[in-house]
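Trainee: Its first residue numbered 687, the sequence shown is counted upward by one per residue in my numbering.
Before I ask anything, here is the structure I am working with.
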Amino acid sequence: MAIGRFMLVLHTHMPYVLSHGKSPHGTDWLFEAAVECYLPLLDALDRMNQAGVKPRWTVNLTPILAEQLDDPSFQAGFEEYCEEKIRYAQQDKEHFEAAGELWMTGLSAMWVRLFTKALIQFKHQWGRSITGGFKSMHEDGLIELITCGATHGYFPLTSTDESIQAQVKLAVRSHEKRFGFKPRGIWLPECAYRPSYPWRAPAGDDAHVWDRKGVEQFLQENGIEYFFVDSHMIRGGEPLGTYWQKFPQLAELFQRSKQLFTPPEEFRSEYEHYLVPDGVTIFARDPQSTVKVWSGDVGYPGNEYYLEFHKQQYPGRHRYWRISADKADLGAKQPYDPWQAHELVGAHAQDFVGIVKSTLAQYRGQANREGTLVAMYDTELFGHWWWEGPEFLYELGMRMAQDPDIQMASGGDVVDQDPARHMIHLPEGSWGEGGYHSVWLNEDNHWTWEKLYPVQKRMRHMAQNFAKGPAKEIVEQAAREMLLAEASDWQFLISTWAARDYAEARFDDHIERFHRLSALAEAVHGGHTMTADEELFFQDCKEKDAPFPETIDLNDWAKLDYPLMPPQEAYRP
């Protein structure tokens, strides 16, 4: 008899980076993730399937990522990317041979084989459809596919309830169209949650205070049964840091939400699942095991024998060195030994199994019932940041399947087998640094919200007034531009200075296109006929920003299932 359940939850996401034949910057991120993370994950699942093992992982493919993976421009570009990587590896091989470096020559042949295998799997095993591969794994019972906000918008800071509603409704429609069933669970973007309370925008000059719907209300209305939060929200801890002292409106938000939340007197545990008032189940991330997989400093990925991420051989950017004892000195890196690394993967997987078992046993002794350890990670950790990560997951699944003390379960499995026994209220927060909104609203990215809030209000106005008639297609394209601007990735990249210029340019581009489309929609709705230049601009937008070609529904922004909205505000582009 099992002492508890293990739930692995993988969040698979990439913002909209397809270039459709234009500048490749950004698109390579998607190609890298496909070859280093998504295909290896499918390979690990396929190998387990052949062994009769069903790990029941919970896997989220965000709708905006799935749209890109299914785009013909990705499919053609990915094959070209793999072929180019093979050529670069062959050039490296010639270079190392000429230098008499036998070991490095062998490693270059490893890269040739790896990208050749990826190309074969993509074209022949999965029929150029990575999403189809995940669908087949769901149908075979190895995983449960769940969804996310359509373009990964940050729900708590979004200025209109209609925009949150659209993120959820579009996600559910897109998931059902692609995979053939409605999702039972959702990964909230950045695991960010906000309860219902009187709200005022933390950016801009809008002074309205009005009742907002709680995030769980949107989920319940769309048939979502469960979602995930960070452990500090289950336990009722307050966010860390003092950054909101610089943002009085955000401090006001925190105080408003805090008034509705009383720190729990009863014992709460991240190994228990709970209901929130609208009947949706919540699971919390386990902090004890997370660090062993997430951290490059004290976790498995930082082991000196694993592949070094930062040192690369140019121009092909293949990696030939291991992390080594001196992690900081790139010049001191030693050649990578894949056999040594493979031996470590099995040992680390077994160590992780032991951590899970001891944690679950401790909770069983404390609560006198089976608990659920929820391990939540970005999929891109496994393979991109931690090269050996997909093999770790394979070893983990195989070892847990052989251990009678652990039951592997998906979110839906737990909801069915062991319905939540207690209802609780959650505080506002996220899984970001400090536990609140500081990563997504700070001095560096505050301006993005000042630009986005008027756009979200304008979108509601257009959906209510221009959605029927000659301007409908223009309004739909404006909706796409706004959805892409709403991605939380842009604020994250600005805050962390990772590709900051790219993020700022992408955000501004979507905002500017929205304003031009908005003005055009109003003119066309009033009887204007588009000029040749206006038609050219409109077609360029449709080609450049093309997700959700058949699933946009302007009704999502026109009205709420349960209307709670402030007076109409003036539009100031």
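Every residue, glycine too, gets a C-beta built ideally from N, C-alpha and C.
All values derive from a computational prediction rather than experimental measurement.
Spatial neighbours of M823 within its chain, please: CB distance less than 6 Å, with the 5 preceding and 5 following residues excluded, ordered by chain position.
Mentor: L731 and I829
Trainee: Quick check: M919 and L1059, are their CB atoms within less than 7 Å of each other?
Mentor: No, Cβ-Cβ distance for M919 and L1059 is not below 7 Å.
Trainee: How big is the Cα-Cα spacing for K899 and Y991?
Mentor: 50 Å
Trainee: Which full runs of the alpha helix (DSSP H) of 4+ residues lie inside the stretch 965-1027, going along the chain?
Mentor: 973-980
Trainee: Any idea if L1246 is buried or exposed, counting beta-carbon neighbours within 10 angstroms, 16 or more meaning buried?
Mentor: Within 10 angstroms of the beta-carbon of L1246 lie 16 or more other beta-carbons, which makes it buried.
Trainee: Which residue comes first and which comes last in the beta strand (DSSP E) that contains C723?
Mentor: Where C723 is concerned, there is no enclosing beta strand (DSSP E), given that its DSSP letter is neither H nor E.
Trainee: Using C-beta distances below 8 Å, list every residue in its chain close to S709, excluding the 5 sequence neighbours before and after it, in chain order.
Mentor: A caution first: S709 carries a pLDDT of 47, below 50, which makes its placement in the model too unreliable to give a value.
Trainee: Buried or exposed for T1217, please, with buried defined as at least 16 other CB atoms from any protein chain shown within 10 angstroms of its CB.
Mentor: exposed
Trainee: Look at the alpha carbon of V703 and the alpha carbon of A1173, and state the distance between them as a whole number of angstroms.
Mentor: Their Cα atoms are separated by approximately 12 Å.
Trainee: Helix or strand or just coil, what does DSSP make of R1199?
Mentor: helix
Trainee: May I ask you to check if the CB of I872 is nearer than 6 Å to at least one heavy atom of the ligand PLP?
Mentor: With respect to the ligand PLP, the structure offers nothing, as it holds no ligand at all.
Trainee: Could you please give me the residues that DSSP links to R691 through a beta bridge?
Mentor: T1058 and Q1093
Trainee: My parser needs the beta strand (DSSP E) runs of 3 or more residues fully inside the stretch 716-781; what are they?
Mentor: 743-747
Trainee: Excluding the 5 residues preceding and the 5 following A1095 in the sequence, name in chain order all residues of the same chain whose CB lies nearer than 6 Å to its CB.
Mentor: R691, M693 and R742
Trainee: Hey, is the stretch 902-921 in contact with the stretch 1145-1158, meaning 3+ C-beta pairs nearer than 8 Å?
Mentor: no
Trainee: Check for me: the alpha helix (DSSP H) holding Y1139 runs from which residue to which?
Mentor: H1132 to N1151
Trainee: So, at 7 Å on beta carbons, what are the nonlocal neighbours of D778 in its own chain, with the 5 sequence-adjacent residues on each side left out?
Mentor: S794, Q999, G1002 and H1004
Trainee: Rounded to the nearest angstrom, what separates T635 and H1070 at their Cα positions?
Mentor: With the chain covering 687 to 1259 only, the question about residue 635 has no answer from this structure.
Trainee: Does the beta-carbon of E876 have 16 or more other beta-carbons within 10 angstroms, so that it is buried, or is it exposed?
Mentor: buried
Trainee: Look at the Cβ atom of L1203, then the Cβ atom of A1157, and state whether they are nearer than 7 Å.
Mentor: no
Trainee: Do you know how far the Cα of E1077 is from the Cα of G1032?
Mentor: Our two residues, G1032 and E1077, have alpha carbons roughly 9 Å apart in a direct line.
Trainee: Can you list, in chain order, the residues of its chain with a C-beta nearer than 8 Å to that of G839? Leave out the 5 residues immediately preceding and following it.
Mentor: S849, I850, Q853, P875, L1169, E1172, A1173 and S1174
Trainee: Could you check where the beta strand (DSSP E) with G871 kicks off and where it finishes?
Mentor: First-last of the beta strand (DSSP E) with G871: G871 to W873.
Trainee: Label T1215 either buried or exposed according to how many other C-beta atoms from any shown protein chain fall within 10 Å of its C-beta, with 16 as the threshold for buried.
Mentor: Looking at its Cβ environment, which holds fewer than 16 other Cβ atoms inside 10 Å, T1215 is exposed.
Trainee: Beta-carbon within less than 7 Å of T1237's beta-carbon, same chain only, minus the 5 sequence neighbours each way: which residues are those?
Mentor: L856, R859, S860 and K863
Trainee: By alpha-carbon positions, which one of V739, A688 and I772 ends up nearest to V721?
Mentor: I772
Trainee: Would you grab the beta carbon distance between T817 and A719 for me? Rounded to a whole angstrom, and I think it's under 8 Å.
Mentor: 13 Å between Cβ atoms; not a contact.
Trainee: Between M1109, S981, T976 and W873, which has its C-alpha nearest I910's C-alpha?
Mentor: W873
Trainee: Tell me the residue span of the beta strand (DSSP E) that contains L831.
Mentor: I829 to C834
Trainee: Give a yes or no on whether 7 Å exceeds the smallest Cβ distance from T713 to chain C.
Mentor: Absent from the structure: chain C. Only one protein chain is present.
Trainee: State the start and end residues of the unbroken alpha helix (DSSP H) segment that holds F914.
Mentor: No alpha helix (DSSP H) contains F914, which is instead part of the beta strand (DSSP E) from Y912 to V915.
Trainee: Buried or exposed: where does T846 fall if 16 or more other Cβ atoms within 10 Å of its Cβ makes it buried?
Mentor: buried
Trainee: Please report the distance separating the alpha-carbon of Q1103 from that of G1097.
Mentor: 10 Å
Trainee: Residues bridged to V700 by DSSP?
Mentor: The sequence as given places Met at residue 700; Val does not occur at that position. Per DSSP, none; premise fails for M700.
Trainee: Taking only the alpha-carbon atoms, compute the straight-line gap between W812 and G1212 and give it to the nearest angstrom.
Mentor: 48 Å
Trainee: Would you mind working out which of Y767, N746 and S815 sits nearest L800, comparing C-alpha positions?
Mentor: Y767
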